[in-house]
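A short worksheet on the structure shown next.
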Amino acid sequence: MKLGILIVMCLMVSIKTFGQPTKSKNNQIFFNLETPGDSAILFAKDIVSYPFMNHSSVSTSADMDELYWSRWYDDEGREEIVFSKNIDNKWTQPQKVSFSGIYSDDVPFVSPDGKKLFFLSRRPIQPNSKSTKENIWVVERLDEQGWSEPKPLTQVINSKQLHWQFSIAGNGNLYYSADEGMKLARYINEEYIDPVLVCEELNTKYTGGHPFISRDETYIIFASGKLKETFGSNDLYIGYKDSKGNWSDPINLGALINGKKGEMCPMVSSNEKYLFFVRYDDVFNVYWVKADFIKNLNPYIK
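If you want it as structure tokens, here you go:
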């Protein structure tokens, strides 16, 4: 009798578990959104993606419980940095970070250890002066509630012409866009040294931009409109580093990710499960896609 009751109970649990629609906590994340598959889809419509509002991808915190991005906030083309936090399995309404909203602040990037947030800004470096260019700034996490006052990076970096997205490796190395291609500034003894081209393989005969570097610097995703077989005016590509430190030829991420107009600003989530990027299809919006391609396209993995 007891055995029969136990069997019936197990069957009821099985029906309850497997007879439900595919929506579950296991495939939901970020505002209870369904996670994407191999084809890129719009990310968080009316929460993150607003027409004409997005000017950066999304950067995730180390614990995947915070999202940071930038959006336009006035008719003068200024951007502010906003964030949302997961508290008790509920994502907060997007709100402006404490250090943004006066100047034009853009493309936030949370360091791999979660202790710093870097961003691009036109705020003046010297008090009572005007800034004529974009510079990289950084804030340090004080506690769960806030950040320190922004500080500009050294002039080794900010004396250069910078534009749009950059990224930071786990060792602090900085990758950014420049007129002549993607640059690398190594971080040694807590100082940046003079930037160099990332490599010839990723810069020959075209200008790559908006680089995202992996934590261990074994792959880089970037945008370019000057390679063959592009799907739009600007496509996303990936390059891999072998065991000797040499970079592979760039690989186009394909039609499931690259559309007919233009993609830019790739950003991989801290758990490496998702790729976020900005797509221009008459407006700038954030898209996301499953990041299995990172392993699948790697020519050095057999």
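Last residue of the sequence shown: 423 in our numbering, with the numbers rising by one and none dropped.
Cβ coordinates follow ideal geometry from the N, Cα and C atoms, glycine included.
Contacting residues, own chain, Cβ-Cβ under 8 Å from residue i (five flanking each side not counted)
i, result
"Tyr313", "Leu274, Thr275, Val277, Ile278, Leu295, Ala306 and Arg307"
"Ile246", "Ser252, Asn256, Pro273 and Asn279"
"Ala165", "Phe151, Phe152, Leu154 and Val407"
"Glu200", "His176, Ser177, Ser191, Arg192, Trp193, Tyr194, Ser225, Asp226 and Asp227"
"Phe287", "Val228, Phe230, Phe239, Leu241, Ile257, Leu295, Tyr296, Tyr297, Ser298 and Pro332"
"Ile223", "Arg244"
Between the CA atoms of residue j and residue i - distance to the nearest angstrom
i, j, result
"Pro420", "Gly302", "24 Å"
"Glu322", "Ile202", "34 Å"
"Ser269", "Leu238", "10 Å"
"Phe414", "Phe333", "15 Å"
"Lys304", "Met185", "28 Å"
"Phe204", "Thr213", "9 Å"
"Tyr358", "Cys386", "11 Å"
"Ile341", "Ser335", "6 Å"
"Ser242", "Leu283", "10 Å"
"Ser390", "Val179", "8 Å"
"Leu396", "Trp409", "5 Å"
"Gly267", "Asn249", "26 Å"
"Lys206", "Glu338", "28 Å"
"Asp315", "Ile289", "16 Å"
"Asn210", "Ser170", "21 Å"
"Lys281", "Met388", "23 Å"
"Asp159", "Asp403", "23 Å"
"Val260", "Pro271", "5 Å"
Where the beta strand (DSSP E) through residue i begins and ends
i, result
"Lys416", "Looking at the DSSP string, Lys416 is not in any beta strand (DSSP E); the run it does join, the alpha helix (DSSP H), is Phe414 to Asn417."
"Asn256", "Asn256 to Asp264"
"Asn207", "Glu200 to Ile208"
"Ala306", "Gly302 to Ala306"
"Ser298", "Leu295 to Ala299"
"Leu357", "Asp356 to Tyr361"
"Pro401", "The sequence given here has Tyr at residue 401, not Pro. It spans Tyr395 to Tyr401 - the beta strand (DSSP E) in which Tyr401 sits, taken as one unbroken run."
"Glu384", "Gly383 to Val389"
"Leu241", "Lys237 to Ser242"
"His331", "Gly330 to Ile334"
"Val179", "Element bounds for Val179: n/a, residue is neither H nor E."
Run of the alpha helix (DSSP H) containing residue i, from where it starts to where it stops
i, result
"Asn279", "Gln276 to Asn279"
Beta bridge counterpart(s) of residue i as assigned by DSSP
i, result
"Pro273", "Trp258"
"Glu187", "Lys206"
"Phe405", "Tyr401"
"Lys349", "Looking at the DSSP assignment, Lys349 forms no beta bridge with any residue, so it has no partner."
"Gln216", "Phe204"
"Phe343", "Tyr358"
"Glu312", "Ile309"
"Asn373", "Tyr358"
"Val231", "Leu238"
"Phe287", "Tyr297"
8 Å Cβ cutoff met for residue i and residue j
i, j, result
"Asn373", "Glu350", "yes"
"Gly330", "Trp285", "yes"
"Ala183", "Leu377", "no"
"Lys382", "Ser364", "no"
"Glu384", "Ala344", "yes"
"Leu168", "Pro215", "Looking at the sequence provided, one finds Ile at residue 168 rather than Leu. Yes, the pair counts as a contact, with Cβ atoms nearer than the cut-off."
Cutoff 7 Å; reference residue i; Cβ partners in own chain excluding five residues on either side
i, result
"Ile422", "Lys416"
"Glu393", "Ala412 and Ile415"
"Gly293", "Tyr308"
"Leu418", "Ile359 and Ile372"
"Phe352", "Ala376, Asn379, Gly380 and Lys381"
"Asp370", "Glu322"
Cut-off 6 Å between Cβ atoms - residues of its own chain near residue i, not counting five sequence neighbours on either side
i, result
"Trp368", "Cys320, Glu322, Leu323, Gly360 and Lys362"
"Lys236", "Arg262"
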